[in-house]
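Peer 1: Each residue of the sequence shown is one higher than the one before, starting from 144 at the first, in our numbering.
Have a look at the structure that comes next, please.
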Amino acid sequence: MPPSNALPLTFPSARQPDLTPAQRQLAMASSSRVPWPAINEVYTFTSKKYIPIALAGTGVHATVYLCLPSAFQTSTSLPHQLVAVKIPEPDYADRAKREVPALMRVGSAAGKLTHHFPDFLEVIRIDESDSNSDPRYLTITAIHGASLSQFSAACDPSRHPEELVLHVYLQLASLIQVLQTMWPAIAHGDLHPGNLMLDQSRQDVPGFPNVVLIDFSCVDRDPRPDILRHEIRGLCKLVRDLATQGRECYPESHFGKVTGCDCETWWVQWIRWLNGRWMGGDLGISDSDAEVLKEAERRRNEATVETKENIKLSMERAMGKIKGLTEPEIREALVEGGYLPSD
144 MPPSNALPLT FPSARQPDLT PAQRQLAMAS SSRVPWPAIN EVYTFTSKKY
194 IPIALAGTGV HATVYLCLPS AFQTSTSLPH QLVAVKIPEP DYADRAKREV
244 PALMRVGSAA GKLTHHFPDF LEVIRIDESD SNSDPRYLTI TAIHGASLSQ
294 FSAACDPSRH PEELVLHVYL QLASLIQVLQ TMWPAIAHGD LHPGNLMLDQ
344 SRQDVPGFPN VVLIDFSCVD RDPRPDILRH EIRGLCKLVR DLATQGRECY
394 PESHFGKVTG CDCETWWVQW IRWLNGRWMG GDLGISDSDA EVLKEAERRR
444 NEATVETKEN IKLSMERAMG KIKGLTEPEI REALVEGGYL PSD
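Here it is in structure tokens:
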């Protein structure tokens, strides 16, 4: 338990100055975003309920911090007690207001795929006496992994393993299908590599981190059919970009081999199949589609030990750049903030 007189945590590498409203507005308008509230304000912002450990991310709509509950236990793993506290920007509180019921619906409808979506914990509203009040902040279980964009930056070489690309498509397509078969359907509305987490602690397929779809702040809770088709096109484009990163050729644009192409024939055919899905905007499965997906699943499942080791190393590099995830880092932060005695 933190001492009653503990001060909010401060970190020299992440400290933000106290901002006037005018300065904060200027910072919000700038291309390099200043987190709001600053990390040294989170403890008091959450009424001393959560202790900030590290900045997880900041965007136009919200800032997310990795935090420990004030009632943390030193006898159990600190990383496994981490939660993500999402604090919406005041001008975008309506998005958080839409996100909360969407997360609750998805959590109850996803079945065995529940752990591929954010694990919603609670919402604290600006006016706790009004259940329709805008959220002050919301909390979800922290994911022990890295975003797909962080993984891509850590890939060595920059070309992604084909088996991982297939894995991302197979799992993400299943998640989109869950959203689109709910009644009424849901469109995520913001598919990009930064909103896909790779959860190293959960692996439905051994050697491959689970794909987790996060950030439902742009959700459409009753989308038109054209919005659903657009979402599927977004899925296909995301995976196609992943598939062509680091390659000297673009297999979807040619037939057979071209100069600089070392792609296997099946890979070229699969990219062209994916391109067809992008054009059609449909997740329906014909007999020929079923064969393609069956082969994709087989290739993913039969990945070599070397391929799985490369994926593991890239994940370790990506996670190594994320501060605040390890037991020593968390303990150090707690000691610096006065929440634990120094040894």
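Cβ coordinates follow ideal geometry from the N, Cα and C atoms, glycine included.
How many Å lie between F215 and I370 at the Cα?
Peer 2: 43 Å
Peer 1: Is I319 buried or exposed, if buried means 16 or more other CB atoms sit within 10 Å of its CB?
Peer 2: buried
Peer 1: Would you identify the three-state DSSP class for F294, choosing helix, strand or coil?
Peer 2: Residue state, collapsed to three classes: helix.
Peer 1: Report the option in M325, A476, G202, R443 whose CA atom is closest to the CA atom of E232.
Peer 2: G202
Peer 1: Go to C361, then tell me how far its beta strand (DSSP E) extends in each direction, as first and last residue.
Peer 2: Per DSSP, C361 belongs to no beta strand (DSSP E) and is neither H nor E.
Peer 1: Determine whether the beta carbon atoms of P244 and R364 lie at a separation below 9 Å.
Peer 2: For P244 and R364, yes; Cβs fall inside 9 Å.
Peer 1: Unbroken beta strand (DSSP E) runs of length 3 or more, entirely within the region 323-368: which are they?
Peer 2: 339-342, 353-356
Peer 1: Ends of the beta strand (DSSP E) at T284?
Peer 2: 278-284
Peer 1: Express the C-alpha separation of N275 and Q293 in angstroms, rounding to a whole number.
Peer 2: 36 Å
Peer 1: Would F260 and L356 qualify as a contact pair, given that the criterion is a beta-carbon distance under 9 Å?
Peer 2: In this structure, L356 lies closer than 9 Å to F260 by Cβ.
Peer 1: Is the number of C-beta pairs between the region 306-320 and the region 467-474 that are closer than 8 Å three or more?
Peer 2: no
Peer 1: Is the region 282-293 in contact with the region 332-341, if contact means three or more CB pairs nearer than 8 Å?
Peer 2: yes
Peer 1: Where does P195 fall in DSSP's three states?
Peer 2: strand
Peer 1: Between E470 and L221, is the Cβ-Cβ spacing less than 9 Å?
Peer 2: yes
Peer 1: Suppose you measure from the CA of A285 to the CA of Q388; what does that come to, to the nearest Å?
Peer 2: Taking the straight line from one Cα to the other gives about 28 Å.
Peer 1: Looking at H303 and L211, is the spacing between their C-beta atoms short of 9 Å?
Peer 2: no
Peer 1: By Cβ distance, which residues of its chain are closer than 7 Å to V478, with the 5 residues on each side in sequence left out?
Peer 2: Within the same chain, V478 has close Cβ partners S485.
Peer 1: Between P352, D262, Q224, which lies nearest to L341 when the distance is taken from Cα to Cα?
Peer 2: P352
Peer 1: Cutting at 8 Å between CB atoms, please list the residues of its own chain near Y235, excluding the five before and the five after it.
Peer 2: V203, H204, A205, S360
Peer 1: So, with DSSP's three-state summary, where would you put E305?
Peer 2: helix
Peer 1: In whole angstroms, what is the alpha-carbon distance linking Y193 and T219?
Peer 2: When the Cα atoms are used, Y193 and T219 turn out to be separated by approximately 17 Å.
Peer 1: Identify the continuous beta strand (DSSP E) that holds K229 and give its terminal residues.
Peer 2: Looking at the DSSP string, the run of the beta strand (DSSP E) that includes K229 is 226-231.
Peer 1: Starting from Y186, follow the alpha helix (DSSP H) in both directions and report where the run begins and ends.
Peer 2: 185-188
Peer 1: Of the choices G250, T217, L381, R443, whose alpha-carbon is the least far from that of M325?
Peer 2: Minimum Cα distance to M325 is reached at G250.
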